[in-house]
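Since the structure comes first, as structure tokens, the remarks are kept for the end.
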Amino acid sequence: MSHPVPENLFAAMQAEVAAALRGLLPGLPEDVAARVQVEPPRDPAHGDMATNAAMLAAKPAGRPPAAIAADLAERLRALPAVADAAPAGPGFVNLRLKDAAIRGQIPVILQRGEAYGDSRLGGGVRVDVEYVSANPTGPMHVGHCRGAVVGDALANLLAKAGWAVTREYYVNDAGAQVLALAYAAYWRYLQALGTPLTEEEYAQSIPGGLQYRGDYLIPVGEAIKARFGDELAPGAMPAPVTDWLEPVRDMTVGLMMQAIREDLAALGVRHDVFVSERALVEAGMLDRAEALLAGKGLIYRGVLDAPKGKLPEDWEPREQVLFRATRFGDDTDRPLRKSDGSGTYFANDIANHLDKIARGHEAIVHVWGADHGGYVKRMKAAVQALSDGAVSFEVVLTQIVHVLRGGQPVRMSKRAGTYVTLRDLIEEVGRDAVRFTMLTRKADAQMEFDLDRVIEQSRDNPVFYVQYAHARCRSVLRQAGDPPAAALAEAELSHLSDPAEMALIRKLAAWPRTVEAAALAREPHRIAFYLQEVAAEFHGLWNKGREDATLRFIREDEPEATRARLALVAATAIVIRSGLAVMGVAPVEEMR
RNA sequence: GGACCCGUAGCUCAGCUGGAUAGAGCGUUGCCCUCCGAAGGCAAAGGUCGUGCGUUCGAAUCGCGCCGGGUCCGCCA
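Taken in order, the first sequence gives residues 1 to 592; the numbers are from the working numbering.
Below, the structure written as structure tokens:
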């Protein structure tokens with residue numbers, strides 16, 4: 001990083017303020033200067049940046065904040081980038097930067113391209129981001145979609161902010177549900193062979209009944225027949241489970257995962273690794289995890305108290321193998337083994353997390369549906385126990401998406417045929433609209449997804465609004481013959497002086513800071529909001545050009561001013577693309 | 001009974017991890033387009049931030065108690 005101009009103006013100023021504060025108050029504890037914040041003030045009239053340094057330092061320094069603010073302002077005024085610094089309010093120091101310092105971001109943006117905003121904040125920490133992890137028991141539906149988009153965007157965001165990210169999908173291919181799936185696929189296989197049995201006869205003959213009756217297993221049955229003939233069901237009649245379970249299960253899970261991968265690809269969601277629950281258990285990871293915890297004295301045999309409130313009908317006290325999750329803040333200890341000796345889902349997931357740790361991850365982030373909220377504490381406890389607190393564990397919960405059409409709720413019913421698969425959704429509104437819209441709400445807030453609204457071409461559709469801004473940028477640049485960024489970076493930027501132009505540049509200069517804040521908060525939706533603000537500034541400038549011809553981007557009679565404005569337009573397009581890239585949305589060249 | 005999430009303008013939602021007079025879009029109201037950049041633009045009205053205490057120089061933000069909504073709660077995943 002040998003840029004003479006800092007890429008993150010706020011971080012650079014934070015360092016300056018901290019240094020000035022140390023110079024002013026030599027005895028100040030180091031952590032006070034480090035905690036100093038430099039942020040854009042809520043009210044733009046207060047300047048470009050404001051710092052709370054004087055208020056933080058007041059108590060340890062034993063001086064009133066206003067006095068410190070006055071002294072600090074004087075020092076900051078001497079900085080070359082600062083036009084003015086003034087104490088204000090309860091002890092803020094407001095800073096106004098010189099226009100030249102703000103404009104200086106334009107060549108930086110043009111040089112860095114879409115890498116503008118990349119940060120080292122994450123320090124290369126190896127983080128495992130697990131998302132989707134839908135059970136391989138059927139095609140993906142809209143319920144999976146939000147987690148997929150949020151997880152993918154969060155992984156992009158953390159990578160941009162300097163974390164070393166592994167994108168992981170945990171395949172739940174070991175539990176009772178997969179067994180039920182195998183039975184269901186076996187039924188379709190019997191049908192393919194022309195079995196005389198009726199569905200109900202078959203359903204009654206298997207444990208738990210026929211749980212997955214969807215049509216999507218018909219091709220699976222055909223595929224099993226194509227591979228095995230009637231070998232697994234001689235005479236088209238059910239054979240003993242042990243004769244067919246493994247091949248049927250493996251083939252079915254394989255085909256389901258293939259379908260899921262295709263759905264994910266259609267949504268543009270990527271994963272680096274697919275970790276199989278079954279493979280982990282077979283490799284002995286569960287036993288390893290249990291032994292590890294036992295070695296720490298965290299495993300015991302015991303009987304849990306009955307849950308309060310409504311009791312399950314078949315409740316009876318039972319001795320179980322338990323993990324001392326309460327030692328790490330959980331509400332109760334948690335069972336690890338089912339009565340047949342196999343691992344509970346939780347136990348297998350502990351194995352999964354031991355595997356993540358063993359692969360060298362220092363941080364684990366999950367994206368889960370809100371219905372898994374009750375599972376967070378125990379898993380956090382497990383990771384703490386496994387890593388002796390060295391590996392962090394966080395969960396981003398996503399709330400339900402209500403699908404609407406023209407303001408009316410779309411009923412989600414498999415039977416009525418109104419069940420919305422992920423594929424249907426993408427085909428109807430397009431991948432980019434799906435992704436962008438899924439990021440226009442905080443993950444843990446419920447969201448309405450109106451199929452008509454998200455493809456509407458109007459101001460109140462953020463997808464359109466942001467894409468339109470980029471298309472307008474591109475349109476202007478095309479009209480000017482697409483000058484190369486290097487040429488634009490040489491433009492004489494003092495031609496950019498209108499308040500609307502400066503406001504746009506300020507907004508662009510906030511991109512690196514936005515990336516860092518969003519990454520720290522694990523909140524990719526902030527990128528969507530930021531891009532709407534950039535688009536609003538740009539459209540505002542465009543609109544001014546409609547009324548005031550001297551503000552148009554291209555002016556035949558003013559080649560130097562035109563070049564400066566083209567530089568601004570090109571920088572705007574770059575920042576929008578950089579943000580869309582985090583969201584996994586493709587920028588458009590023109591609106592159609 | 002308990003745990004977790006949520007409660008901000010008529011509606012849908014932001015609010016940069018404790019800062020200054022709480023924001024945006026929609027909707028409402030009022031202006032603006034014969035034409036050169038109107039799939040629109042400008043402006044206004046609209047909030048005791050569910051509620052009551054507390055911590056703090058300072059609270060929508062942190063803590064506790066209520067009220068309201070959601071999710072979950074022993075060998076399902």
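Built from N, CA and C at the ideal position, the CB exists for glycine as well.
Three-state secondary structure (DSSP) of residue i
| i | result |
| --- | --- |
| residue 448 | strand |
| residue 52 | coil |
| residue 416 | In this prediction, residue 416 scores a pLDDT of 47, lower than 50, which makes its location untrustworthy; no coordinate-derived value is stated. |
| residue 271 | coil |
| residue 65 | helix |
| residue 598 | As displayed, the chain neither begins before 1 nor continues past 592, which places residue 598 out of reach and without an answer. |
| residue 14 | helix |
| residue 129 | strand |
| residue 479 | helix |
| residue 614 | This structure cannot speak to residue 614, because the chain is shown only from 1 to 592. |
| residue 364 | strand |
| residue 389 | coil |
| residue 93 | strand |
| residue 577 | helix |
| residue 111 | helix |
| residue 494 | helix |
| residue 119 | coil |
| residue 210 | coil |
Where the beta strand (DSSP E) through residue i begins and ends
| i | result |
| --- | --- |
| residue 231 | It is not in any beta strand (DSSP E) - residue 231 carries neither H nor E in the DSSP assignment. |
| residue 302 | 299-303 |
| residue 394 | 392-398 |
| residue 165 | 164-171 |
| residue 404 | 401-405 |
| residue 84 | 82-88 |
| residue 319 | 319-323 |
Own chain, CB closer than 6 Å to residue i, minus 5 neighbours either side, in chain order
| i | result |
| --- | --- |
| residue 320 | 335 |
| residue 528 | 439, 440 |
| residue 432 | 585, 586 |
| residue 325 | 333, 334, 378, 381 |
| residue 467 | 588 |
Among the options, the one whose alpha carbon lies nearest that of residue i
| i | options | result |
| --- | --- | --- |
| residue 351 | 328, 379, 553 | 379 |
| residue 344 | 370, 186, 287 | 287 |
| residue 220 | 187, 208, 203 | 187 |
| residue 115 | 360, 580, 588 | 580 |
| residue 497 | 423, 189, 204, 562 | 562 |
| residue 30 | 462, 44, 60 | 60 |
| residue 600 | 393, 421, 577, 486 | Nothing about residue 600 can be reported from this structure: the residues present for the chain run from 1 to 592 only. |
| residue 271 | 19, 405, 6, 166 | 166 |
| residue 276 | 169, 80, 45 | 169 |
| residue 406 | 437, 448, 377 | 448 |
| residue 48 | 99, 16, 531, 57 | 99 |
| residue 371 | 396, 473, 358 | 396 |
| residue 582 | 518, 123, 402, 35 | 518 |
| residue 175 | 437, 281, 490 | 281 |
Contacting residues, own chain, Cβ-Cβ under 7 Å from residue i (five flanking each side not counted)
| i | result |
| --- | --- |
| residue 3 | In this prediction, residue 3 scores a pLDDT of 46, lower than 50, which makes its location untrustworthy; the coordinate-derived value is nonetheless stated afterwards. Once the five neighbours on either side are set aside, the close Cβ partners of residue 3 are 108. |
| residue 285 | 351, 354, 355 |
| residue 540 | 500 |
| residue 483 | 566 |
| residue 177 | 135, 137 |
| residue 415 | The pLDDT assigned to residue 415 is 46, lower than 50, so where the model puts this residue is not dependable, and the model offers no usable value. |
| residue 1 | Interpretation of residue 1 is limited by its pLDDT of 40, a score under 50 that renders its predicted location unreliable; no figure is taken from the coordinates. |
Own chain, CB closer than 8 Å to residue i, minus 5 neighbours either side, in chain order
| i | result |
| --- | --- |
| residue 417 | Any answer about residue 417 is weak, because its pLDDT of 49 lies below 50 and its placement is not dependable; what the coordinates show is given next. Once the five neighbours on either side are set aside, residue 417 has no close Cβ partner at all. |
Residue i CB to nearest heavy atom of the ligand GDP below 7 Å
| i | result |
| --- | --- |
| residue 464 | Ligands displayed in this structure: none; no statement on the ligand GDP is therefore possible. |
Span of the alpha helix (DSSP H), counted from its first residue to its last, around residue i
| i | result |
| --- | --- |
| residue 149 | 142-160 |
| residue 204 | 199-205 |
| residue 429 | 422-429 |
| residue 515 | 511-521 |
Q.
Contact between the stretch 138-155 and the stretch 258-268 is defined here as three or more beta-carbon pairs at a separation below 8 Å; is this criterion met?
A. yes
Q: Answer yes if the stretch 87-100 comes into contact with the stretch 60-70, meaning at least three C-beta pairs across the two stretches below 8 Å, and no otherwise.
A: yes
Q: Please determine if the stretch 493-512 and the stretch 569-584 are in contact, where contact requires at least 3 C-beta pairs separated by less than 8 Å.
A: yes
(Q) Can you confirm whether the stretch 519-534 touches the stretch 151-158 when touching is taken to mean that 3 or more C-beta pairs between the two stretches lie within less than 8 Å? (A) yes
Q. Between the stretch 219-237 and the stretch 194-208, do at least 3 Cβ pairs fall closer than 8 Å?
A. yes
(Q) Three or more C-beta pairs under 8 Å: does that hold for the stretch 249-256 against the stretch 175-182? (A) yes
(Q) Below 8 Å, how does it come out for the stretch 326-342 and the stretch 114-133: are there three or more Cβ pairs, yes or no? (A) no
**Q.** Segment contact flag, the stretch 488-496 with the stretch 461-470, C-beta cutoff 8 Å, min 3 pairs
**A.** no
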